[in-house]
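Numbering (our numbering), first residue to last: 25 to 302.
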C-alpha cells in the first residue's frame, strides 16, 4: 500500500540536526516549543518526524515504545477551553486505536471519550485526558502530544490552563512530553501566564530555520519521484537558490510544476513561471 504521507518516504537523514535535537529532548522527556517563522517548513518537518517509522529508533534511541499524538489546533471550530480538551482526548483515542496498545486500554480510552462527549464537562474531560495518558504509561509506552499551531489558543491561555497542562504531566509521572509549534515563543503568546521563569522549567525553545540545500534536495527528489516530474538536472541548483530553503515556497512551486506539465529550458523561464503563478 502506498504511503499517502510523502514525508514518511524521506531518508532518515532529513533535517538531521533538527531531528537529533528534538529526539534528544524526547529521550530526556523534556517538553519543547518549536518556533519558526512562516514558510520555513515546521509542518513538513513534523510530518516527517511523526510518520517516519525509524524516528524513535534513530533519534530517541532509549529502547522504549513511543506514542506520538498530533493535535492540530486548526481543527478547533471554537477556540474555547472545552473544545481544546475534548479535541486533545479525541486525538489520544485516535492515536491509541492505530497503535499496538492492548485492546482493553483502547476500549478504556474510548469509554472515557464517549462519557465526556455526553457530559460536555470540562473538568471531567481534563481528568479523562490524565487517566488516558496514565493508562498508556502503565503499558510502558511513552506519550508525546504535539500541539500544532498552539498560538491559535492565545485568547484562552490562562493560569488555569497552564496548571492543567502541568497536571497532565504529573498524572503520568512526568513521562508525557508536549511539543508546541508556534510562530512565537510561549512568553510572547501569553506573557502574563507563561513568564520567563515558569517557561524555563516547563519547556525548551527550539528554533527551526529554512532548510539546508541537502534537505531541499530530499524534498525535491521525493516529490519528483512520486509524481514523475520532468525537471532538467542542470537547473536544480538555480531552482534551489530561488526558493532559498523556504519549504512552503518549494512545495507550492513543485505543485505548480506538476500541474502545468511545463518543461523548463533555463533559470529565467523558472523565475517567470513562478512570478506569474504567485
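Heads up, the beta-carbon is just placed ideally off N, CA and C, and yes, glycines get one too.
Residue from the options whose Cα sits closest to the Cα of residue i
i: residue 254; options: 90, 289 and 51; result: 289
i: residue 130; options: 139, 140, 156 and 216; result: 156
i: residue 207; options: 180, 87 and 171; result: 171
i: residue 46; options: 235, 201, 117 and 274; result: 201
Beta-carbon gap between residue i and residue j smaller than 7 Å
i: residue 149; j: residue 110; result: yes
i: residue 154; j: residue 195; result: yes
i: residue 263; j: residue 237; result: no
i: residue 209; j: residue 57; result: yes
i: residue 165; j: residue 186; result: no
i: residue 277; j: residue 259; result: no
i: residue 73; j: residue 79; result: yes
i: residue 214; j: residue 181; result: yes
i: residue 163; j: residue 103; result: no
i: residue 93; j: residue 115; result: yes
Backbone CA spacing between residue i and residue j [nearest angstrom]
i: residue 284; j: residue 241; result: 21 Å
i: residue 161; j: residue 226; result: 20 Å
i: residue 31; j: residue 120; result: 22 Å
i: residue 239; j: residue 34; result: 9 Å
i: residue 97; j: residue 286; result: 37 Å
i: residue 50; j: residue 300; result: 43 Å
i: residue 219; j: residue 211; result: 6 Å
i: residue 137; j: residue 53; result: 26 Å
Contacts around residue i, its chain only, beta-carbon distance under 8 Å, and the 5 residues preceding and following it disregarded
i: residue 159; result: 129, 132 and 133
i: residue 139; result: 148 and 152
i: residue 42; result: 69, 230 and 232
6 Å CB neighbourhood of residue i in its chain, flanking five on each side removed
i: residue 249; result: none
i: residue 177; result: none
i: residue 88; result: 166
i: residue 60; result: 66 and 232
i: residue 204; result: 57, 171 and 174
ask   = Which ranges would you report for the beta strand (DSSP E) in the segment 38–100 if only whole runs of at least 3 residues count?
value = 56–59 and 89–96
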